[in-house]
Amino acid sequence: MAWVLAALAAWALGIWANTRLARLPRGRATGLAVPVIFGLTIVVMWECLVRGLNVPSVILPPPSAIAARFAISTQILWEDFVQTVLKGALSGYAMGCGGAFLLAIAIDRFPFLQRGLLPVGNFVAALPIIGMAPILVMWFGFDWQSKAAVVVVMVFFPMLVNTVQGLQDTTTMQRDLMHTYAAGYWATLLYLRLPAAMPFIFNGLKITSTLALIGAIVAEFFGSPIRGMGFRISTSVGQLALDLVWAEIVVAALAGSFFYGGVALLEKAVTFWHPSQRGRA
Amino acid sequence: MRNFLPVFTVLMALVALWYAAAVWLNADWAYDRAQRAGTTLTFSELVADTWAQDKPKLPAPHQVAAEIWNTTVEKKITSKRSLIFHSWVTMSATLLGFVLGTVLGIGLAIGIVYNRVMDMSVMPWVIASQTIPILAIAPMIIVVLNAVGISGLLPKAIISMYLSFFPVVVGMVKGLRSPDQMQLDQMRTWNASGAQTFWRLRLPSSMPYLFTSMKIAMAASLVGAIVGELPTGAVAGLGARLLAGSYYGQTIQIWSALIMAAALAAALVALIGLAQRITLKRMGMA
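Protein chains in written order, with our numbering: chain A, 1 to 281; chain B, 1001 to 1286.
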């Protein structure tokens, strides 16, 4: 009972602190503190409620148990991270996005292809591509190559559509200006159209960064060597070792956040001139 | 209709590519069999063989089409072998998850727009929540909910809900904030209450955003339902068909389930598109 009361107290404290902070002028510190307090409150409440209500750890382990498990199994977690994120997701992401980018530039020269491929690409981007996973696992074997292949297929079309749209995002005036400079196709592409397409390209890169991780993990459910995050999650669920599953989830969430954050930072550096980035220090 | 010819050409090219890839991928097996039978294959025999194998690496489009025809039209809907039955199982989870996700998303968006504390504390976590690959923890959610005694439709719907609430929150926050200062001031000069401002200005002007995000949410919801079916031991649903197909090497079955899922996604998204056109037309916005 004391734990439940502690949870309620943490909740009240969190709300009180956040209401006070939200009244202050909005700055960098408050903008960071409020979500952090919110997150901490949830973790504390989770811990207290799990202990207070005697939730069995096979249903929901308390955060402290997850942290302890995380600390003792860093070896396994690192091995899985390398297998799934570095080998599967990142290599597939690089290949898929790179391929889509090059194809988009090629398509861009042919308006006919553009008009034909854009609707098809948009349609394919909305399909449950993840269903291709069992087929690709069958084709490329159980190791990371098949995971990378799934990631390539998943990221390809969103990236293609975004890049093609971005390359069209120049006005006639701008293109005429390049023309008066006697700039050829390549100069126009390099100095005008690619920079103008960057916000779209980064939009695609951001969307696909989370897709890449999902693709690599889910593909492991259809067959994998005895390491990898998806493999560990599905086998640990079977063994009811839920603390290890949650530790993997923490790794996945951290990897996903850093991946996304890295792309966002790069975007800020490359498209500093765009209205959505200006004025944000 | 201006785009019909280019789209048609691209689709035809894809089908041609598919047939060519089928020849290329299935050739090994065809040569292997011919060698064991002690015959050599001419090119036309090779092509004919690669397009008609039982368990090809890549089934040709007409094989998939025949399988779909067999499992939809020629089987009874109640049969476990009917794709319509499996599609129905998946679709019911998708729709339930989609409705739950949309309601949750709209509720969160209203809270975020009207409450500063929620805006500052919840919004960053909504974004962070999507970097967690929920699909990866789908098996755990299913197993845990099963342990608590919740099974059947709801666990799958919860995964769908988690995937579909995010686009709705983001879209609706944008939409509810889309009326500009001038319009809000106008409401104030009319002495409109908060509720009136919400129902007559903010909600109507958020509609285009809502429909756009609902389309994305629907597609995401279908993916969630399909993945949610994987760990339940392949009982029913399109995801179960995929898993069973991959266990037994039934590639034609996998492809037919895949095409069915694609058709389902297209139909559901088109349905929302239709609702969007009708609603916006009646509101005078389209």
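From the three backbone atoms N, C-alpha and C, an ideal C-beta is built for every residue, glycine too.
Thr-271 of chain A and Leu-265 of chain A have their C-alpha atoms spaced approximately 10 Å apart. Contact between the region 248-263 of chain A and the region 66-79 of chain A is present, with at least three C-beta pairs closer than 8 Å.
Residues of the region 129-145 of chain A whose Cβ lies closer than 9 Å to any Cβ of chain B, in chain order: Ile-129, Ile-130, Gly-131, Met-132, Ala-133, Pro-134, Ile-135, Val-137, Met-138, Trp-139.
A Cβ of chain B is located within less than 8 Å of the beta carbon of Pro-119 of chain A.
With fewer than 16 other CB atoms across the displayed protein chains lying within 10 angstroms of its CB, Gly-184 of chain A is exposed. Note that the C-beta distance between Ala-126 of chain A and Leu-136 of chain A is not below 8 Å.
Among the CB atoms of chain A, one or more fall inside 8 Å of the CB of Met-1140 of chain B. Boundaries of the alpha helix (DSSP H) around Ser-257 of chain A: 242-270. Distance from the CA of Met-178 of chain A to the CA of Ile-1112 of chain B, rounded to the nearest whole angstrom, comes to 45 Å.
Within the same chain, and ignoring the five residues on either side of Ala-1034 of chain B in sequence, the residues whose Cβ sits closer than 6 Å to its Cβ are Leu-1041. Separation of Leu-90 of chain A and Val-153 of chain A (C-alpha to C-alpha, rounded to the nearest whole angstrom) is 13 Å. Annotation for Leu-160 of chain A: Ala-100, Leu-103, Ala-104, Gly-121 place their beta carbon closer than 7 Å to its own, counting only its chain and skipping 5 residues before and after. Ranked by Cα distance from Leu-1176 of chain B, the options B:Phe-1198, B:Ala-1157, B:Ile-1084 are led by B:Phe-1198. Under the Cβ distance rule, Thr-1251 of chain B counts among the residues neighbouring chain A, one pair being separated by less than 8 Å.
A straight line joining the alpha-carbon of Gln-174 of chain A with that of Gly-131 of chain A spans about 43 Å. Looking from the CA of Leu-86 of chain A, the closest CA among A:Glu-267, A:Leu-113, A:Ala-241, A:Ser-209 belongs to A:Ser-209. The Cβ atoms of Gly-228 of chain A and Thr-84 of chain A lie closer than 8 Å to each other. Distances from the alpha-carbon of Glu-1067 of chain B to those of B:Leu-1258, B:Asn-1115, B:Arg-1277, B:Met-1285 put B:Leu-1258 closest. As the crow flies, the alpha-carbon of Lys-1215 of chain B is around 7 Å from that of Gly-1273 of chain B. Note that the C-beta distance between Leu-1222 of chain B and Pro-158 of chain A is not below 8 Å. Contact check for Pro-61 of chain A against Leu-242 of chain A passes: the beta carbons are separated by less than 8 Å. In this structure, the alpha-carbon of Arg-193 of chain A lies about 11 Å from that of Gln-165 of chain A.
Between the C-alpha atoms of Val-1117 of chain B and Trp-246 of chain A there is a straight-line separation of about 29 Å. Counting only residues of its own chain and dropping the five nearest sequence neighbours on each side, Leu-77 of chain A has a CB closer than 8 Å to the CB of Phe-70, Ala-247, Glu-248, Val-251.
Around the beta carbon of Trp-144 of chain A, 16 or more other beta carbons sit within 10 angstroms, so the residue counts as buried. Taking the Cα of Gln-114 of chain A as reference, the smallest distance to any Cα among B:Ser-1044, B:Gln-1053, B:Leu-1011, B:Leu-1025 is reached at B:Leu-1011. Per DSSP, reduced to three states, the secondary structure at Gln-1253 of chain B is helical. Counting along the chain, Phe-200 of chain A sits inside the alpha helix (DSSP H) bounded by residues 194-219.
Note on Thr-171 of chain A: under 16 other CB atoms within 10 angstroms of its CB, so exposed under the neighbour-count rule.
DSSP, read as helix, strand or coil, puts Arg-1277 of chain B in helix.
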